[in-house]
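**Q** 82 is the number of the first residue of the sequence shown in the working numbering; add one for each residue after it. Think of the CB as a built atom: it goes at the ideal place given N, C-alpha and C, for glycine as much as any other residue. Have a look at this one.
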Amino acid sequence: MTTSESTTRPPFHLAIPVHDIEAVRPFYGEVLGFPRGRSDVRWTDWNVEGHQVVTHQVDNHTNAVAGTNPVDGHDVPVPHFGLVLSVERFQELADRLTAVDTDFVIDPYVRFEGEPGEQWTMFFLDPSGNALEFKAFRDLDQLFAV
């Protein structure tokens, strides 16, 4: 997949549960910087780089992470979602998250350094415990490199 191919793909839609819609609105809107779309008392649409992510308040929601999977000596929370950013945008987001004292599940670091698929990655939770991973590839054409 080339960069130009990735821009012609249809947007995805993802709906996720949250404990308190008012607690997640500043996180997705201000901390992550996603533009807010339609919303109601118990849900909000977010424009995540052209993809639609909807946060739905769910009564008695207790745990968004089902478990973890060991990867590179880290316990990766599952499920998780996020974006593949440019290295510059990844660093900007990591700095912004650090500035607001984000408790990273996995601190920003480089995987596969000097190898095919070299990437920066970080994991953190939203206020309702939904796991997010943001990453950046040195060469986006190696997104699926083996």
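G131 to G210, Cα distance in whole Å?
**A** If you number the sequence shown from 1, residue 131 lands on position 50. If you number the sequence shown from 1, residue 210 lands on position 129. Cα to Cα, the separation comes out at about 23 Å.
**Q** When the Cα of G148 is compared with those of N141, Q200, H142, V159, which residue comes out closest?
**A** Within the sequence shown, the letter at position 67 stands for residue 148. Taking only the C-alpha atoms, the option nearest G148 is V159.
**Q** Would F215 pass as a contact of V165 if the rule is Cβ separation under 9 Å?
**A** As a first step, residue 215 is located in the sequence shown; it is residue number 134 there, counting from the start. As a first step, residue 165 is located in the sequence shown; it is residue number 84 there, counting from the start. The answer is yes: Cβ separation under 9 Å.
**Q** Mind checking who G148 pairs with in its DSSP beta bridge?
**A** Counting from 1 along the sequence shown, the entry for residue 148 is found at position 67. Bridge partners of G148: V159.
**Q** Go ahead and pull the three-state DSSP assignment for R123.
**A** Locating residue 123 in the sequence shown gives position 42, counting from the first residue. Here R123 sits in coil by DSSP.
**Q** Do the stretch 198 to 210 and the stretch 96 to 103 meet, that is, are 3 or more Cβ pairs less than 8 Å apart?
**A** Yes, they touch.
**Q** Assuming W124 and V135 make a contact with CB atoms under 8 Å, what is their CB distance in whole Å?
**A** Residue mapping note: residue 124 aligns to position 43 of the sequence shown, counting from 1. Residue mapping note: residue 135 aligns to position 54 of the sequence shown, counting from 1. W124 to V135, Cβ: 6 Å. Contact.
**Q** Run the CB neighbour count on P151, radius 10 Å, all protein chains shown included, and call it buried at 16 or more, exposed below.
**A** On the sequence shown, position 70 is the one that residue 151 refers to. Looking at its Cβ environment, which holds fewer than 16 other Cβ atoms inside 10 Å, P151 is exposed.
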